[in-house]
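Participant: Got a structure for you, questions after.
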Amino acid sequence: MDEVEFMRGRVYGADHDNPGPRAGRVYAHLVGGPLDGLLLDVTDLTEHERARGVSLATEIGRYGPGGRCAYGPRPGDPRRFDWRGDVP
Numbered sequence: 004m005d006e007v008e009f010m011r012g013r014v015y016g017a018d019h020d021n022p023g024p025r026a027g028r029v030y031a032h033l034v035g036g037p038l039d040g041l042l043l044d045v046t047d048l049t050e051h052e053r054a055r056g057v058s059l060a061t062e063i064g065r066y067g068p069g070g071r072c073a074y075g076p077r078p079g080d081p082r083r084f085d086w087r088g089d090v091p
């Protein structure tokens with residue numbers, strides 16, 4: 004199994020021992036970029052926060068450790084967050 008396949012269906016920031024989605028939570032699919040295929044728990048985000056998008060820490064982006072990648076909701080499909088680029 005390669006790294007991309009291993010990460011699919013996992014929740015960003017979840018405990019390694021229990022990486023899958025949990026009942027009663029709302030998730031968005033991350034599309035593109037270094038976190039492609041992961042799920043993001045958006046349950047506690049307000050509508051304004053969801054619309055603004057998120058900046059997520061990752062070591063596998065363009066800037067390595069300490070870098071972040073930006074994702075925002077896809078127009079017409081808020082259950083998908085598209086990659087907008089990496090930031091230092």
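The sequence shown lines up with residues 4 to 91 when you count with the numbering used here. Glycine included, C-beta positions come from ideal geometry on N, C-alpha and C.
Name the residue from Asp20, Arg53, Leu42, Arg87 whose alpha carbon lies nearest to the alpha carbon of Val14.
Facilitator: Among Asp20, Arg53, Leu42, Arg87, the Cα nearest to that of Val14 belongs to Leu42.
Participant: Go ahead and label Ala31 buried or exposed: buried means 16 or more other beta carbons lie within 10 angstroms of its beta carbon, across all protein chains shown.
Facilitator: Buried, since its Cβ has 16 or more Cβ neighbours within 10 Å.
Participant: Among the candidates Pro24, Arg28, His19, Pro91, whose CA atom is the shortest distance from the CA of Gly67?
Facilitator: Checked all of Pro24, Arg28, His19, Pro91; the closest Cα to Gly67 is Pro91.
Participant: How many angstroms separate the CA atom of Arg71 from the CA atom of Thr61?
Facilitator: Near 5 Å, if we compare the C-alpha coordinates of Thr61 and Arg71.
Participant: Taking only three categories from DSSP, how would you classify His32?
Facilitator: Looking at His32 - three-state DSSP - the assignment turns out to be strand.
Participant: Exposed or buried, what is Gly64 when buried is set at 16 or more other beta-carbons lying within 10 Å of its beta-carbon?
Facilitator: That one is buried.
Participant: According to the neighbour-count rule (16 or more other Cβ atoms, all chains shown, within 10 Å of its Cβ), is Gly12 buried or exposed?
Facilitator: So Gly12 ends up on the exposed side.
Participant: Pick helix, strand or coil for Arg25, following the three-state DSSP scheme.
Facilitator: Here Arg25 sits in coil by DSSP.
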